[in-house]
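J.: Its first residue numbered 550, the sequence shown is counted upward by one per residue in the numbering used here. Even for Gly, the Cβ is constructed at its ideal location relative to N, Cα and C. Next up is a structure, given as structure tokens.
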Amino acid sequence: PFPRPGRDLIDPFLLLDEMGPVDLGPGQAKGAPDHPHRGFETVTYVLAGAIEHADSAGNRGSIGPGDVQWMTAGAGVVHSEEPAAAIRQLGGRLHGFQLWVNLPRADKWTPPRYQEISTVDIPEVALDGGVARVVAGTFAGATGPVRTHSPVSYLHLTLQPGAQAGVPIDPDHTAMAYVFGGSGTFPDPAVDGQLVVWHRHSGDAVAIGADDGEAPLEVLVLAGAPLGEPVARHGPFVMSTRAEIIEAVEDYQAGRLGRIAR
550 PFPRPGRDLI DPFLLLDEMG PVDLGPGQAK GAPDHPHRGF ETVTYVLAGA IEHADSAGNR
610 GSIGPGDVQW MTAGAGVVHS EEPAAAIRQL GGRLHGFQLW VNLPRADKWT PPRYQEISTV
670 DIPEVALDGG VARVVAGTFA GATGPVRTHS PVSYLHLTLQ PGAQAGVPID PDHTAMAYVF
730 GGSGTFPDPA VDGQLVVWHR HSGDAVAIGA DDGEAPLEVL VLAGAPLGEP VARHGPFVMS
790 TRAEIIEAVE DYQAGRLGRI AR
């Protein structure tokens, strides 16, 4: 969904990428081998399949359907992400999302942190004709398990055809909705694969409705407090100045971000 020409930043969000859905044959699955990050957070949400993670801070894990990995790169980390061994060897279905969240300048040098959230620990709110999974932030009295450095909410809404829901959004926050199944209104219409961005809103609940039809509406609703700070980005590094980017590259090349123990 982004970044793309004309939309490189939805402060505080830096990137949203949908992985799949794709059905892979034996040996087709490819991952992201050892690579560095500094200055932001990566959020991986799996809907189908499984992804394995390892990093230079000694963290290792595997997340499956409904699980979330929220990694704070902070001062710097080297990590790898790849489909689980069974998918690499035998093939299988893979579907998920990766979100990049910028860190406030004051937190860019925080120690790396890894939060692996099991699907059973993510609260679900029953709606009239649907359900909301609360990964981060608060919705309808439920609070997501993720600890964030700045106010961020991450919801996964599923609405059956014809159902509606109101999502309260702080009037000072930037918010967006990404449709990955079905179609609906936000209140403007959007279909599968489209991104809706709200830069200004009244502070009232945003009305989201699923179109009549056979397919439910599946949508991620993301909101956060804009940082309003300079952004310098180069590949896997997101800092505040060009000089800090150069420093990050030099630190990585010198091995100061560590390495993954094998």
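1) Under 8 Å by Cβ, that's how I've got residue 640 and residue 577 pegged, so tell me the actual separation to the nearest angstrom.
2) Near residue 765, what residues of its chain come up, given a Cβ to Cβ distance below 7 Å and the 5 sequence neighbours on each side ignored?
3) Could you give the first and the last residue of the continuous alpha helix (DSSP H) run that contains residue 798?
4) Candidates 604, 779, 801, 613: which alpha carbon is nearest residue 819's?
5) Which same chain residues end up closer than 6 Å to residue 735 when comparing Cβ atoms and leaving out the 5 residues on each side of it in sequence?
6) Helix, strand or coil: which one does DSSP assign to residue 780?
7) Just curious, the alpha helix (DSSP H) that residue 636 is in, first and last residue?
8) Identify every residue that forms a DSSP beta bridge with residue 604.
9) If you draw a straight line from the alpha carbon of residue 672 to that of residue 666, how long is it in whole angstroms?
10) Let's test the definition: count the other Cβ atoms within 10 Å of the Cβ of residue 618 and tell me whether it reaches 16, buried, or not, exposed.
11) Short of 8 Å in beta carbon distance, which residues of its chain neighbour residue 658, apart from the five on each side in sequence? Order them along the chain.
12) To the nearest angstrom, how far is the alpha carbon of residue 593 from that of residue 601?
13) What is the rounded straight-line gap between the Cα of residue 741 and the Cα of residue 794?
14) Just the Cα atoms here: how many angstroms apart are residue 779 and residue 638?
15) Going residue by residue through the segment 667-713, where are the continuous beta strand (DSSP E) segments of at least 3 residues, counting only ones entirely within it?
16) Going by beta carbon distance, what residues of the same chain come within less than 7 Å of residue 581, once the five residues before and after it are set aside?
17) Please classify residue 550 as buried or exposed, where buried requires at least 16 other C-beta atoms within 10 Å of its C-beta.
18) Could you tell me if residue 604 is buried or exposed, where buried requires 16 or more neighbouring beta carbons within 10 angstroms of its beta carbon?
19) Following the continuous beta strand (DSSP E) through residue 730, name the residue where it begins and the one where it ends.
20) Starting from the C-beta of residue 737, find all residues in its chain whose C-beta is less than 8 Å away, skip the five residues before and the five after it, and write them out in chain order.
21) Quick one: give me the first and last residue of the beta strand (DSSP E) that residue 551 is part of.
22) Residue 787 and residue 588 - do their beta-carbons sit closer together than 9 Å?
23) If I measure Cβ to Cβ from residue 782 and keep anything under 8 Å in the same chain, skipping five residues before and after, which residues do I get?
24) Tell whether a beta-carbon distance below 9 Å holds between residue 662 and residue 620.
25) Using a Cβ-Cβ cut-off of 6 Å (strictly less than) and excluding sequence neighbours within five positions of residue 646, which residues of its own chain qualify?
26) Could you pull out every residue in the same chain whose Cβ sits closer than 6 Å to the Cβ of residue 599, ignoring the five residues on either side in sequence?
27) Let me confirm a value: residue 554 is counted as buried when at least 16 other C-beta atoms fall within 10 Å, else exposed. Which label applies?
T.: A quick look at the data gives this:
1) 6 Å
2) 707, 708, 709, 710, 730, 731, 759
3) 791-802
4) The question about residue 819 has no answer here: the residues shown for the chain are numbered 550 through 811.
5) 726, 745, 757
6) coil
7) 634-639
8) 628
9) 11 Å
10) buried
11) 623, 624
12) 11 Å
13) 36 Å
14) 43 Å
15) 673-676, 679-685, 701-708
16) 629, 630, 631
17) buried
18) buried
19) 723-730
20) 745
21) That residue, residue 551, is in no beta strand (DSSP E); it is neither H nor E in DSSP.
22) yes
23) 563, 788, 794
24) yes
25) 567, 594
26) 611, 613, 633
27) exposed
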